[in-house]
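Mapping the sequence shown onto full-length UniProt numbering, position 133 (from 1) lands on 133, and the numbers just tick up by one.
Inspection log for the structure reproduced underneath, given as structure tokens.
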Amino acid sequence: MEKKEKIIGIMGGTFDPIHNGHLLTAECAAYQYNLDEVIFVPSGNPPHKVEKRITDAEDRYLMCMLAIMSNPKFRVSRMEIDRVGLSYTIDTVREFKSLYPEAKIYFITGSDAILEIFTWKDPEELLQEAEFIAATRPGYCLSELGQGIYDSHLNSIHPLEIPGLAISSTDIRERIIQGRPIKYQLPETVEMYIKKHNLYK
Ligand code: ATP
Ligand code: MG
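The structure is reproduced here in structure tokens:
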């Protein structure tokens, strides 16, 4: 019998903390693109966040592990947090391609991230090497994507309409500082981890 090509989605992010917007995006992408698995890859040292204070990588990794527990298709990779130096998506995509040479690989993002893709390292190569799934996100307009992008690049980007969740890690961190609720914006296990380790205070 012919072996079915494995289809993998990679979901990169700072995940500081991981929330239901990330999980919903991954789930919708998995359904729509028939993904066998979605691998969450928390970033080690994201180049666009060097100025910002980000939570210890081990905490972000463990929160991802807690968040994905109930979903058999979801996994978490330590690839970027174990890598020395800055985290570049191009390196991650290439490493996954060499780990799974037989698989088809999609990189999953929200529309804010894909709109910034030309500020990433080697964007042309990146768009040649991977297919992108760009999920709609409240506040960011995917139709701007066509501007300034060649058709050949646009072919590598697949828009994905998902139910909008206006949740962001930045907002969750601010809510915690201000003592406002975060319940139902992220998995309860993650909320408990944040409380137990007194994060974002
Ligand atoms: P921060 O506010 O710290 O930037 P964030 O909520 O944007 O956090 P990231 O870790 O930066 O989360 O995002 C990881 C990926 O998930 C990005 O591709 C981003 O576009 C996507 N994403 C995050 N939140 C949502 C959401 N609510 N809907 C759709 N996509 C999202
Ligand atoms: Mg973000």
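Heads up, the beta-carbon is just placed ideally off N, CA and C, and yes, glycines get one too.
Computed from a prediction, not measured in an experiment: that's the story for all the values here.
- Comparing C-alpha distances from D16 to each of A57, N34, I8, A30 shows the shortest one belongs to A57.
- When the beta-carbon positions are compared, I108 and I7 stay at least 8 Å from each other.
- About 6 Å separates the beta carbon of I133 from that of Y33, a gap short enough to meet the 8 Å contact definition.
- Under the three-state reduction of DSSP, T109 is assigned to strand.
- Residue burial annotation: Y193 is buried, with at least 16 other C-beta atoms found within 10 angstroms of its C-beta.
- Per DSSP, the unbroken beta strand (DSSP E) holding I133 starts and ends at 131–135.
- Taking 7 Å as the cut-off, one finds at least one heavy atom of the ligand ATP near enough to the beta carbon of S168.
- Secondary structure at Y140: strand, using DSSP grouped into helix, strand and coil.
- Boundaries of the alpha helix (DSSP H) harbouring H22: 20–32, taken from the DSSP string.
- Excluding five sequence positions before and after T89, the CB atoms of its chain that fall closer than 8 Å to its own CB belong to G12, F107, W120, K121, L126, given in chain order.
- With contacts defined by Cβ atoms closer than 8 Å, S111 and A130 do not form a contacting pair.
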